[in-house]
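First residue of the sequence shown: 180, per my numbering; consecutive thereafter.
Reviewing the structure listed below.
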Amino acid sequence: MDREPSGSPRAGERVFRFAPSPNGYLHLGHAYSALLNFDLARRAGGRFLLRIEDIDRGRARPEYERAIYEDLGWLGLEWEEPVRRQSEHFGDYAGALAKLDALGLLYPCRCSRGDIARATQGRADWPHDPDGAPLYPGTCRGTVGQGPASLRLDMAKAVALGGGVRWREAEVGEVAADPSVWGDVILARKDVPASYHIAVVVDDALQGVTDVVRGRDLYEATRIHRLLQLLLGLPEPRYRHHALVRDEEGKKLAKSRLSKPLRELRADGATPADVRRIAGLD
């Protein structure tokens with residue numbers, strides 16, 4: 180584990196990554212994704228990276244980051260050092276945002292979620308994004324204001340410049356997708372200078388990630404990520420969106436729902452082999 184986990188991979192070398200956020204303890208769904216990436220990297224004779232996605236400093240906690248290392252080590256995973264922590268690389272994301280701004284694709288927005296809800300309230304025909312939120316109505320587009328602001332991507336201009344958006348999905352083939360279903364997404368918030376969308380594509384490119392293997396809940400977000408890669412001239416990785424681990428009620432496991440963490444399974448006597456079996460990775 181002595182290679183720098185960044186830069187372009189050697190010809191033919193495959194690079195996988197697991198990128199959790201330290202805003203809670205890892206659960207069985209995280210274990211499945213981490214183990215799957217590790218197994219695929221090992222079978223391909225490639226590299227496995229761990230990345231800490233801690234751009235939201237208001238929710239990230241040192242104790243959760245320590246627990247990530249402990250849980251993954253207990254599962255038997257090994258990763259390259261040093262681990263990339265997003266909070267140490269805001270300059271990289273600022274550089275990407277500056278490129279998009281130079282293309283005339285960003286504009287400041289001072290609207291809150293409440294403002295958007297009020298602007299679209301009572302509009303039964305108002306479109307919603309794939310996550311179910313009402314699309315931003317463009318209130319701040321073309322306006323000038325004062326004070327802290329988020330940065331939104333002018334989606335219509337971006338799609339026109341980026342051209343057709345496609346990605347390669349494992350076991351499916353080429354997927355054609357329209358990013359405009361997301362509307363003018365936020366790429367930097369008032370309180371956080373980079374969004375998940377801009378950080379993840381920059382990180383994957385800088386770390387030479389060739390295979391993005393993640394949960395099905397991020398499938399639709401790939402529309403945005405591929406568009407940003409095209410606009411920024413970043414390499415296109417292979418994608419594989421795996422099924423989600425669900426509880427007895429059929430709901431996906433989530434920190435927000437207080438799904439049972441790995442550390443509790445371990446305390447109850449579970450072994451790494453048990454976790455693999457329960458997750459379906461025998």
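Even for Gly, the Cβ is constructed at its ideal location relative to N, Cα and C.
The DSSP-derived three-state label of E257 is coil. A contact between stretches requires three or more CB pairs, one per stretch, nearer than 8 Å, and the stretch 337-354 fails this requirement with the stretch 294-308.
Sixteen is the threshold: when 16 or more other Cβ atoms of the shown chains lie within 10 Å of the Cβ of L214, as they do, the residue is buried. Where G274 is concerned, there is no enclosing beta strand (DSSP E), although the alpha helix (DSSP H) around it starts and stops at F269 to A281. Under the DSSP definition of a beta bridge, S329 partners with C288. Under a 10 Å Cβ-count criterion, L254 is classified as buried, with 16 or more other Cβ atoms of the shown protein chains found around its own Cβ.
Rounded to the nearest angstrom, the Cβ distance from A378 to Y272 is 5 Å, consistent with a contact under 8 Å. DSSP places Y248 within a helical segment (H, G or I) once states are collapsed to three. With respect to L441, L205 sits close: the two C-beta atoms are nearer than 7 Å.
Annotation: D218 is outside any beta strand (DSSP E); the continuous alpha helix (DSSP H) that includes it extends over L207 to R222. Fewer than three beta-carbon pairs drawn from the stretch 189-196 and the stretch 235-248 are found closer than 8 Å, and the two stretches are therefore not classed as touching. Here DSSP, grouped into helix, strand and coil, assigns R189 to coil. A direct Cα-Cα distance of roughly 24 Å separates P201 from G448.
Taking W361 as the centre and dropping the five residues before and after it, the same chain places the C-beta of D308 and I403 closer than 6 Å to its C-beta, in chain order.
Out of A281, L276 and D357, the CA that lies nearest to the CA of P372 is found in L276.
If you look at A422, you'll find it isn't in any beta strand (DSSP E); DSSP assigns it neither H nor E.
Sequence-distant partners of R455 (beyond 5 residues in either direction) whose C-beta falls short of 7 Å from its own C-beta, in its chain, are L214 and D461. In this structure, DSSP gives W361 a helical state, which the three-state scheme calls helix. Within the DSSP secondary-structure output, Y243 pairs in no beta bridge. Remark: C-beta atoms of V344 and R417 do not approach each other more closely than 7 Å. Per DSSP, G237 lies in no alpha helix (DSSP H) segment and is marked neither H nor E.
Beta bridge pairing from DSSP links D383 with no other residue.
Boundaries of the alpha helix (DSSP H) around R456: P451 to A458.
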